[in-house]
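Structure record follows, encoded as structure tokens.
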């Protein structure tokens, strides 16, 4: 790392801590496309997700569990790769927002997927605004400060 120039080290640190400061409008279009992919997958297979998460035998209800899980894992992994390549590692958004959404509206994936996407976007918007107003902090710092206590509360609530 010492062999790199100061600008490159700064960019690497921002990416490791999660930041939107190096993002461009083409990055926004890639993010939008990947969000649409996840929204489509989540809504199209919402019923299958509900059946799989119900604990019943999915095969007896006409759901091919392996195919559904593999397809959704592939789509979500692709969207995650796009997001991480653009903004770096931003923690707790994918862990906290869906759980809070489930607490608010219940387990129905047809409502849970869109609310999780919108809630994650809102959390990142608020965290990025706070990070910029506090002197251009990486957004990952703010999401960790917000998400850490919420995640601990959710873990405590499960016990």
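In this note's numbering, the protein residues as written are 5 to 163.
Cβ atoms here follow ideal geometry from the backbone N, Cα and C, with glycine treated the same way.
None of the values given here were measured: they were computed from a predicted structure.
Residue i in three-state terms, based on DSSP
i	result
residue 60	coil
residue 69	helix
residue 150	helix
residue 14	helix
residue 157	helix
residue 94	coil
residue 144	helix
residue 53	helix
residue 26	coil
Contact belief for residue i with residue j at Cβ below 8 Å, rounded distance in angstroms
i	j	result
residue 42	residue 80	6 Å
residue 152	residue 96	7 Å
residue 45	residue 76	6 Å
Residue i - containing alpha helix (DSSP H), residue span
i	result
residue 102	97 to 109
residue 118	113 to 137
residue 29	29 to 48
Residue i versus residue j - alpha carbon distance
i	j	result
residue 51	residue 13	46 Å
residue 159	residue 107	13 Å
residue 154	residue 30	33 Å
residue 135	residue 86	22 Å
residue 33	residue 62	36 Å
residue 112	residue 70	20 Å
residue 68	residue 88	30 Å
residue 147	residue 48	30 Å
residue 116	residue 131	22 Å
residue 124	residue 98	7 Å
residue 64	residue 110	24 Å
Looking at C-beta atoms only, is the number of pairs between the region 84 to 98 and the region 11 to 21 that lie closer than 8 Å three or more? Verdict: yes, contact present.
Does the pairing of the region 98 to 106 with the region 46 to 62 give three or more beta-carbon distances under 8 Å? no
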